[in-house]
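Report on the following structure.
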Amino acid sequence: MIAINDSFILESSIYIILKKFFRQESYYIDIVELFHDVTFKTEIGQLLDLITAPEDKVNLNEFGFSKYYFIVRYKTAFYSFYLPVALAMFQAGVATEKNLQQAKDVLIPLGEYFQVQDDYLDCYGDPEHIGKIGTDIQDNKCGWLINKALEMVTPEQRALLDEHYGRKNAQAEAKIKQLYLDLELEKHYKEYEAKAIQEIGALIEKVDESDGLKRAVLSGFLNKIAGRSR
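90 is the number of the first residue of the sequence shown in our numbering; add one for each residue after it.
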């Protein structure tokens, strides 16, 4: 329970630091409001994730891609991708309403792609490369792979998912991974990835640089994560 209070102290520290270093800047209130907005969005995404897929109660009827993409957009994309770029834009003096929207239009899909990658690597990645052993199956995570599987399974395969997904044992996890192999989810992910990279690249090409936002900044983010294995 003490950790909950610690999290509030950490959040408050954001605003102490902003006040100390940026209070004199014309964009000070803009970045304060940005942190408030992104914090709220992240909390909403985290809440939906927790109530959709609690570790102690498995109900795959609660899953679905519309809910999944809402979760990853709010839980991951805003704070991981949009926030740092928007902060830099305010500091560089190019944070017009138009530029912020252009950046968001690219960075939110980029953040979604990043999270789908993370879900894929949790199951298929080399633990030595990604630095951890994947636990999404045992933890009942509402991830990309399980949602893709739910779109494809036969009634018999769905029964297997209901019986073994989210169970805290290696045997159940192995059955789910074998089903993923049977469904060729790795191939479906690769198809998704190629399409996502192409679509995000097209969004970047549409960016109007006349107000100071540079496509190269956005391309740099895409190049860092495209096809990553860790």
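Note that the Cβ used here is the ideal one computed from N, Cα and C, for glycine as well.
Mapping the DSSP letters down to three states, classify residue i as helix, strand or coil.
i    : result
Q113 : coil
Y254 : coil
K41  : One cannot answer for residue 41 here, as it falls past the ends of the chain, which runs 90 to 319.
M178 : helix
S318 : coil
E184 : Rather than Glu, the amino acid found at residue 184 in this sequence is Ala. Coil at A184, not helix or strand.
G223 : coil
N148 : coil
Applying the 10 Å Cβ sphere with the 16-neighbour rule, what's the burial state of residue i?
i    : result
T224 : exposed
N229 : buried
L139 : exposed
Q260 : exposed
D251 : exposed
G232 : buried
Y104 : exposed
Leaving out five residues before and five after residue i in sequence, what residues of the same chain have Cβ atoms less than 7 Å from its Cβ?
i    : result
K193 : Y171
A315 : I286
Spatial neighbours of residue i within its chain, please: CB distance less than 8 Å, with the 5 preceding and 5 following residues excluded, ordered by chain position.
i    : result
R162 : G134, I197, G200, E201
S155 : none
E132 : none
N236 : F152, G153, F154, Y157
Given 8 Å, three or more beta-carbon pairs between the segment 292-306 and the segment 185-203: Counting C-beta pairs closer than 8 Å gives three or more between the segment 292-306 and the segment 185-203, which meets the contact rule.
Mind the definition here: the segment 198-215 touches the segment 283-301 only if three or more C-beta pairs lie below 8 Å; say whether that holds. The segment 198-215, when compared against the segment 283-301, does touch it at the 8 Å Cβ threshold.
Indicate whether the contact test is met: 3 or more Cβ pairs, each with one atom in the segment 234-249 and one in the segment 261-272, closer than 8 Å. Two segments are said to touch when three or more pairs of C-beta atoms, one from each, lie closer than 8 Å; by this definition the segment 234-249 touches the segment 261-272.
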